[in-house]
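Only one structure is covered here, and it is reproduced in the block below.
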Amino acid sequence: MRVAMRVFAAGGTGSTVAETRGACATADVRSAPPSPEPRAAAARREASAPVVEFYRHQLGEEEAASFRRVLDSLFLTLGPEVAAFEREMGGFLVRGRRGAEPPTVVGTSSCSMGLLVALRALDVGPGDEVITTPLTFASTAHAVLLAGATPVLVDVEPATGLIDPDCVRAAIGPRTRGILPVHLYGQLADMRALRRIADDRGLVIVEDSAHGVEMERDGVRPGDLGDAAVFSFYATKNITCGDGGAIATRRRDLAERLRRLRNHGMSHAATERHGAPYRHWDIVELGYKANLTDLQAALLRPQLAWIESRRARREALARRYEACLREAVPALRGPAP
C-alpha cells in the first residue's frame, strides 16, 4: 500500500526535514557517538539500578467491585455503564465551572479509532489534507490516512514540543480540510490561536488529547474550542481500562453521527431498543465496530474521582525531578510551564 505524507517547512514543501531551513524547519538531529563503556560493565550497572515501572496500573478494589457489578448485570457492552461514564466524563470536563453545559462524550474502543471516527464524522476524506505534528505516536497520522486524507506535518514550538500555530498557518493550501493538534505531556496546544486560524480558513479541528483528560491552558480545556477532542484510556494513561477511548464534542449536530459511526453506522443500537416496543433500525452508512464496553466503562468510572489528586502528586514529583536534574546538569532546560 502506498502511503502519501507531506512534510512542510518554511523552505518549501516535500523536502527532507533535515535539509530544510527557515522559521518552521525541523532541526537536524545527529546521533551521539557510542559510549566507550564496555557493555558488560554497563549491563551490571543497569541491573543494580532501581526501576520505575511506568506501566504499572493503580487499579484497586473499587474498580474490581465496579467490574463485578457489570458481570452481575444484563449488559456487557453499550449499556448503562457506558452511558453513565459518558455523562460523568462530560461533567468532569466542566468541573469547577458553575452552570456550564457539559460536552457530549462518546465512548470508543481506543483513541486511535476515536480519531478516525471523528475525522469521518467531519467528512474528512480522499483529496483532503490535515495539518498535524510529527511529534506524536503513529496513530495520529494513521487516522488521517485511514480516512483517505493526507497528513501534512509541520514544526513544533521549541519550548513546548506542541504544534506551532505560525507553521500551521503557513502550511495551509487549497486541499487543507482540518488541523489535528496533539496535546503533549499534559500540555495543551495553543487552541485559541488554532481556532482563529480554523475560523479564518473554514477548517475543522480534531484534538488528539491522548495525554490527559485533565489538561487546561489559560482556561481552555480539551474539547472547548475544537470540533472534537479524542482521549485515550490505554494502559499507560492517567485513567485506564487497558484499552479504550472517548470523543468529546460541543457540536450537538456531530454527536449523533459519532455514536452511529462507532457502531457499524447503525441508526439505533440494540441496547437503545431493549425493553421498548419494536423499534425499526437500519445501517444508514459505513461505520466501524469501535464502541466502549460496559466492562471498560465500569473500570473508568471510579478513576474520575481521584484523577485530580493524583495529578497533583505527579506534578510535585515532576518538580522534584526537575530540581534534582537542574542541580546535576545546570544547563538542562525543562519544559515550559
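Its first residue numbered 273, the sequence shown is counted upward by one per residue in this note's numbering. For each residue, glycine too, the CB sits at the ideal point set by N, CA and C.
Of the residues A520, F364, L331 and K561, the one placed nearest L533, counting alpha carbons only:
Position 261 of the sequence shown holds residue 533. Nearest C-alpha to L533: K561.
Using 10 angstroms around the beta-carbon of D566, count the other beta-carbons present and answer buried if the total reaches 16, otherwise exposed.
Translated into positions along the sequence shown, residue 566 becomes position 294. So D566 counts as buried.
Hey, how far is the Cα of G420 from the Cα of M538?
As a working note, residue 420 is residue 148 in the sequence shown. As a working note, residue 538 is residue 266 in the sequence shown. One Cα belongs to G420, the other to M538, and the distance between them is close to 22 Å.
With a threshold of 8 Å on Cβ separation, who are the neighbours of E557 within its own chain once the five nearest residues in sequence on each side are excluded?
Here residue 557 refers to the residue found at position 285 when the sequence shown is read from its first residue. R532, L533 and G537, listed in sequence order.
Taking the continuous alpha helix (DSSP H) assigned at L526, which residues delimit it?
On the sequence shown, position 254 is the one that residue 526 refers to. L526 -> alpha helix (DSSP H) spans R524 to L533.
With distance defined between alpha-carbon atoms, name the residue in I444, F503 and L346 nearest to A470.
In the sequence shown, the residue the question calls residue 470 occupies position 198. In terms of Cα proximity to A470, the closest of I444, F503 and L346 is I444.
Are the CB atoms of E358 and V342 nearer to each other than 8 Å?
Within the sequence shown, residue 358 is the residue found at index 86, counting from 1. Within the sequence shown, residue 342 is the residue found at index 70, counting from 1. The answer is no: Cβ separation not under 8 Å.
Give me the Cα-Cα distance between A600 and L425, rounded to the nearest whole angstrom.
Counted from its first residue, the sequence shown places residue 600 at position 328. Counted from its first residue, the sequence shown places residue 425 at position 153. Computed Cα separation, rounded: 35 Å.
How big is the Cα-Cα spacing for A482 and G386?
The count along the sequence shown starts at 1 and reaches residue 482 at position 210. The count along the sequence shown starts at 1 and reaches residue 386 at position 114. The C-alpha of G386 is placed about 10 Å away from the C-alpha of A482.
Assuming L497 and M463 make a contact with CB atoms under 8 Å, what is their CB distance in whole Å?
Your numbering for residue 497 matches position 225 in the sequence shown. Your numbering for residue 463 matches position 191 in the sequence shown. Contact flag correct, Cβ pair sits at about 4 Å.
Rounded straight-line distance, which links the Cα of R369 to that of S512
In the sequence shown, residue 512 corresponds to position 240, counting from 1. In the sequence shown, residue 369 corresponds to position 97, counting from 1. Residue identity check: residue 512 is Thr in the sequence provided, not Ser. Roughly 25 Å between the two C-alpha positions.
Is T412 helix, strand or coil when you go by DSSP?
To locate residue 412, count along the sequence shown from 1; it is residue 140. Here T412 sits in helix by DSSP.
Could you give the distance in angstroms between the alpha-carbon of H552 and the alpha-carbon of A527?
Sequence index remark: in the sequence shown, residue 552 carries index 280 (1-based). Sequence index remark: in the sequence shown, residue 527 carries index 255 (1-based). The alpha-carbon atoms of H552 and A527 are separated by roughly 21 Å.
Around the Cβ of E401, are there at least 16 other Cβ atoms within 10 angstroms (buried) or fewer (exposed)?
Along the sequence shown, one-based indexing puts residue 401 at 129. Sixteen is the threshold: when 16 or more other Cβ atoms of the shown chains lie within 10 Å of the Cβ of E401, as they do, the residue is buried.
Leaving out five residues before and five after F409 in sequence, what residues of the same chain have Cβ atoms less than 8 Å from its Cβ?
Taking the first residue of the sequence shown as 1, we reach residue 409 at position 137. The residues are A482.
Using a 10 Å radius around the Cβ and a threshold of 16 neighbouring Cβ atoms, would you call I555 buried or exposed?
Taking the first residue of the sequence shown as position 1, residue 555 is located at position 283. Classification for I555: exposed.
Could you name the residues of the same chain whose beta carbon sits closer than 8 Å to that of L571, not counting the 5 residues immediately before and after it, in chain order?
If you number the sequence shown from 1, residue 571 lands on position 299. Hits under 8 Å: L331, E335, S338, F339, T512, C513 and G514.
Coarse secondary structure for V601, derived from DSSP in three states:
Walking along the sequence shown from the start, residue 601 turns up at place 329. Residue state, collapsed to three classes: coil.
Which one or two residues does DSSP pair with G450 in a beta bridge?
As a first step, residue 450 is located in the sequence shown; it is residue number 178 there, counting from the start. V402 and V476.
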